[in-house]
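Chains A and B are the protein sequences, given in the same order.
The first sequence: position 174 = 169 (the working numbering), numbered continuously.
The second sequence: position 293 = 288 (the working numbering), numbered continuously.
Beta carbons are placed, not taken as given, at the ideal position from N, Cα and C, and that holds for glycine.
Right, one structure below, let's go through it.
Number of protein chains: 2
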Amino acid sequence: MKPKSTHATLHDVAELAGVSHQTVSRVINDSPSVSENTRQRVLEAIQQLNYQPNHTARALATRRSLTLEIVTFGVGYYGPAQMMGGVERAAKARGYRLFFSNLDRLTYADMRETVEDLKRQQVEGVVLIAPVRSVLYEELIKERNNIPVVQLATQKDVTFPSIIIDQHLGSRLATQHLIDTGHSSIAAISGPLHWNDAAARHEGWLDTLQDNHLNPVNWTEGDWSAASGYRAAHELVDHGAKFTALVIANDQMALGAILALRERGLRIPEDVSIVGFDDIPEASFFDPPLTTIRQDFSTLGEQSVEYLVEIIADPESAAGQRVLTPRLILRKSHR
Amino acid sequence: MKPKSTHATLHDVAELAGVSHQTVSRVINDSPSVSENTRQRVLEAIQQLNYQPNHTARALATRRSLTLEIVTFGVGYYGPAQMMGGVERAAKARGYRLFFSNLDRLTYADMRETVEDLKRQQVEGVVLIAPVRSVLYEELIKERNNIPVVQLATQKDVTFPSIIIDQHLGSRLATQHLIDTGHSSIAAISGPLHWNDAAARHEGWLDTLQDNHLNPVNWTEGDWSAASGYRAAHELVDHGAKFTALVIANDQMALGAILALRERGLRIPEDVSIVGFDDIPEASFFDPPLTTIRQDFSTLGEQSVEYLVEIIADPESAAGQRVLTPRLILRKSHR
DNA sequence: AATAATCATGTGAACGTTCACATATAAGTT
DNA sequence: AACTTATATGTGAACGTTCACATGATTATT
């Protein structure tokens, strides 16, 4: 009497179909060398027993887990969340399953633990959302260079496999547009500068001003939150430096800043023009609708899996950084 | 000559330490019955070979994968994303790894595929974020009732293991507050009504009006997006029914509505009071700062794992629904 | 001093697959 | 007709663990 609780195995199917376990294995792996006759018989038995191949056993035998892992930092943020969606979609399409791991803090211990786990779990490749400047990433990558890793949102011009959106360019787009429309006093609210994207956007702003022989009026650092944008904008006007335009490193901070400026009696865009970053879905409904630099985080996520799969198939193909281009979306927060 | 590329195994360690593989197994599993002497010797060998236990092999032998899966619908939405964070944190704390799977569409085929995969992957339990009304969930749960499932954001008073936030109550809190502060013409913008939370919030609004012998002035259905809130608010004033307050089923739609109402020359809160739902981080920086019903999605996620782990340990403990309570956050969008 | 109980260790099978072969039959060549 | 080749199937080991049991050495009990 077979216990009903346990799953049917290859041998159970083989017995029922009157063939060897290996033949069943051939059937479920679409091997050509099995006669149509027996194939049918086996398929019936599979159906009848509701057999499902055991992925664990298969992974052990083949040494392939068909599993990827996404290690992220800050699921709460808009960018990373979007990337995750893209990664999941692409992984599923490629027949991979996805482990999900979040790093709340970037301590060495935490990262170490995560990496050790990677080994134990037999993961075939890793998408690492590494938006924060940190040597740890590189260390760990090197240390574990037998497991393919693609990094997202890392620094520019880095030599290991990675994909980024060209934030420096995005910032140029934003700043130059303001200059082209007549502004010469352009302040900024940056993201936390230890974040790669924040740093690149900040430098893009600085470089563009310099190229146009303009001086940076003033700037403050925020932490991506609307709250910090609100505080930063207040600070900026407190400091007394006059500005007619403001480049703000993400849309949430822009929202906070808009509120703060309004509280100070400044009208947007009449008194100050604003450009944000990201183009979150809400940006069109800010008051006024926000001009911003759109980031396609979702395809960034998808592409990372494409790249990763290439590397898994052929480790030699691992070569450097790929770059996506952001886009200026014009709305009503500037003039 | 050992190939360096392959991982060290239990036997390699055993050989180096001069003990049997079983003794090594005992050491890595903290078995008490191994002498301090040999334990040290083994630990040294482990260190020296940089040995990592193979999780796959262990899972095969023990029939325990120490793996949970989170199946979500719509990573893009604020609620689900927050829940995911909570689930991940709790799973890691309990020593579980987490598979991540997203359902873009709720077709039978897609869900079926996901569930089949669950079996194959030897997952010990599933957190199912099931925010949309659908018989499919129940079907699948029943069909697979040997694998523990905890559902999130499902319907109220459902009999299988699940955790929800009491949206009906939340909506009561919102509506009653408006009534208590003198409003009697209270319109609403609901979420898509096939979403459980949307339906519950909608009914909460209706019931509260009824309890106070008030008639629902008017309402429209949105799709959670700011864009739909914008459209809905315009529609509402187009229809000509006068209202002095508006209950809006999430904060994003509230943002859109605020913009629309302003375009119609209505001031907030002087002409119309607004209450939203969720308390997204940006809500404090809307103009005006939004009064809203806070949802603790993150602990919802955490608790789902607690519950799930209980069920895994003792299937008998699977009992019904747990309910969390939302909270009214007063800000400036009402009077 | 003899027996039982405990402790530390080892042995071989099992988990459910695939892999590398071996074998048997059928079909194609010269 | 004899020999190669292709096709269909089976056999046993391997993947890296744990499990159930067996053994030998030590300690406790009477």
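- [ ] Taking only the alpha-carbon atoms, compute the straight-line gap between M248(A) and R257(A) and give it to the nearest angstrom.
- [x] Their Cα atoms are separated by approximately 14 Å.
TODO: Keeping to the same chain, check which residues put their C-beta closer than 7 Å to that of T320(A); ignore five residues upstream and five downstream.
DONE: Excluding positions up to five away in sequence, the list reads D161 and L164.
Task: Beta-carbon spacing of Q47(B), E311(A) below 8 Å - done: Result no, Cβ atoms of Q47(B) and E311(A) do not sit closer than 8 Å.
Task: Own chain partners of P(-2)(A) with C-beta closer than 8 Å, once the 5 adjacent residues on each side are dropped - done: Only weak support is given to the placement of P(-2)(A): the predicted model assigns it a pLDDT of 37, under 50, and the question is left unresolved by the model.
Task: S179(B) to T203(B) span [Cα, whole Å] - done: Distance between the alpha carbons of S179(B) and T203(B) is about 11 Å.
TODO: Would you kindly work out how many angstroms separate the C-alpha atoms of N45(B) and R21(B), rounded to a whole number?
DONE: The alpha-carbon atoms of N45(B) and R21(B) are separated by roughly 17 Å.
Open item on the list: Which residues in chain B have a C-beta closer than 9 Å to the C-beta of M79(A)? List them in chain order.
Closed with: At a beta-carbon threshold of 9 Å, the residues of chain B lying near M79(A) are V70, A76, M79, F95 and N97, ordered along the chain.
Open item on the list: Measuring only the C-alpha atoms, how far is A240(A) from A86(A)?
Closed with: Taking the straight line from one Cα to the other gives about 42 Å.
TODO: Taking only beta carbons into account, state which residues of the segment 99 to 116 of chain A come closer than 8 Å to chain B, listed in chain order.
DONE: Within the segment 99 to 116 of chain A, the qualifying residues are D99, E111, D112, K114, R115 and Q116.
- [ ] Could you check the C-alpha separation between A195(A) and E216(A) for me, to the nearest Å?
- [x] Their Cα atoms are separated by approximately 13 Å.
Open item on the list: What are the residues in the segment 36 to 56 of chain A lying within 8 Å of chain B by C-beta distance?
Closed with: Contacts with chain B (Cβ-Cβ distance below 8 Å) from the segment 36 to 56 of chain A involve Q47, P48, N49, H50, T51, A52, A54 and L55, listed in chain order.
TODO: With 7 Å as the C-beta to C-beta threshold (strictly closer), list the residues of the segment 224 to 252 of chain A near chain B in chain order.
DONE: Correct list: Y225, Q247, L250 and G251.
Open item on the list: Residues in the same chain with beta-carbon distance under 7 Å from N97(B), minus the five sequence neighbours each way, listed in chain order, please.
Closed with: If you ignore the 5 residues before and after N97(B), its C-beta comes within less than 7 Å of the C-beta of T67 and V70, all in its own chain and listed in chain order.
Open item on the list: When you compare the CB of L204(A) with every CB in chain B, is at least one pair closer than 8 Å?
Closed with: Taking Cβ atoms only, chain B never reaches closer than 8 Å to L204(A), which makes this a no.
Task: Check whether T286(B) and V270(B) have beta carbons under 8 Å apart - done: Yes, the Cβ-Cβ distance between T286(B) and V270(B) is below 8 Å.
Task: Local Cβ density within 10 Å of L325(A), reported as buried at 16 or more and exposed below that - done: Exposed.
- [ ] Select from N32(A), I142(A), D274(A) and R58(A) the residue whose C-alpha is nearest the C-alpha of A169(A).
- [x] If we check each option's Cα against that of A169(A), D274(A) comes out closest.
Open item on the list: Using the Cβ count rule (16 or more neighbours within 10 Å means buried), how would you classify V318(B)?
Closed with: Here V318(B) is exposed: its Cβ has fewer than 16 other Cβ atoms, across all protein chains shown, within 10 Å.
Task: Residues that A221(A) contacts on chain B, provided the C-beta gap is smaller than 8 Å - done: In chain order: P276, E277, S279 and F280.
Open item on the list: So, for D218(B): in the same chain, excluding its five sequence neighbours on each side, which residues have a beta-carbon less than 7 Å away from its beta-carbon?
Closed with: So the qualifying residues of the chain are P187.
Open item on the list: Taking the alpha-carbon of P284(B) as reference, which of Y302(A), A314(A) and I253(A) has the nearest alpha-carbon?
Closed with: When only C-alpha atoms are compared, the closest one is I253(A).
Open item on the list: Let me confirm a value: P27(B) is counted as buried when at least 16 other C-beta atoms fall within 10 Å, else exposed. Which label applies?
Closed with: Classification of P27(B): exposed, given that the 10 Å Cβ count is below 16.
Open item on the list: List, from N- to C-terminal side, the alpha helix (DSSP H) runs of 4 residues or more that fit wholly inside the segment 77 to 158 of chain B.
Closed with: If only complete runs of 4 or more residues are kept, the segment 77 to 158 of chain B shows the alpha helix (DSSP H) at 103 to 115 and 130 to 138, in order along the chain.
Open item on the list: On the DSSP letters alone, give me the boundaries of the alpha helix (DSSP H) that W200(B) sits inside.
Closed with: Here the alpha helix (DSSP H) through W200(B) covers N191 to D206.
Task: Min CB distance S20(B) to chain A below 8 Å - done: S20(B) does not count as touching chain A.
- [ ] Give the DSSP-derived three-state secondary structure of G271(A) in the structure shown.
- [x] In the three-state DSSP reduction, G271(A) falls in the strand class (E or B).
Open item on the list: On the criterion of 16 or more Cβ atoms from any shown chain inside 10 Å, does N49(A) qualify as buried, or is it exposed?
Closed with: With 16 or more Cβ atoms within 10 Å of its Cβ, N49(A) is classed as buried.
- [ ] State yes or no: is the beta carbon of E301(B) nearer than 8 Å to at least one beta carbon in chain A?
- [x] With 8 Å as the cut-off, E301(B) does not count as an interface residue toward chain A.
TODO: Look up A331(B) in the DSSP assignment and give the residues it is bridged to.
DONE: Look at the range of chain B in this structure, -4 to 330, and you will see that residue 331(B) is not part of it.
Task: Opposing strand residues paired with R289(B) [DSSP bridges] - done: The partner list for R289(B) (beta bridge, DSSP) reads D273(B) and R322(B).
Task: Proximity test, Cβ basis, 8 Å: L254(B) and chain A - done: Taking Cβ atoms only, chain A reaches closer than 8 Å to L254(B), which makes this a yes.
- [ ] Under the assumption that G224(B) contacts I243(B) (Cβ atoms under 8 Å), give the Cβ distance between them as a whole number of angstroms.
- [x] Separation of the CB atoms of G224(B) and I243(B) is rounded to 6 Å, and the pair is thereby assigned contact status at 8 Å.
- [ ] Check whether the Cβ atoms of V8(A) and V37(A) sit closer than 8 Å, and answer yes or no.
- [x] At the C-beta level, V8(A) and V37(A) come within 8 Å of one another.
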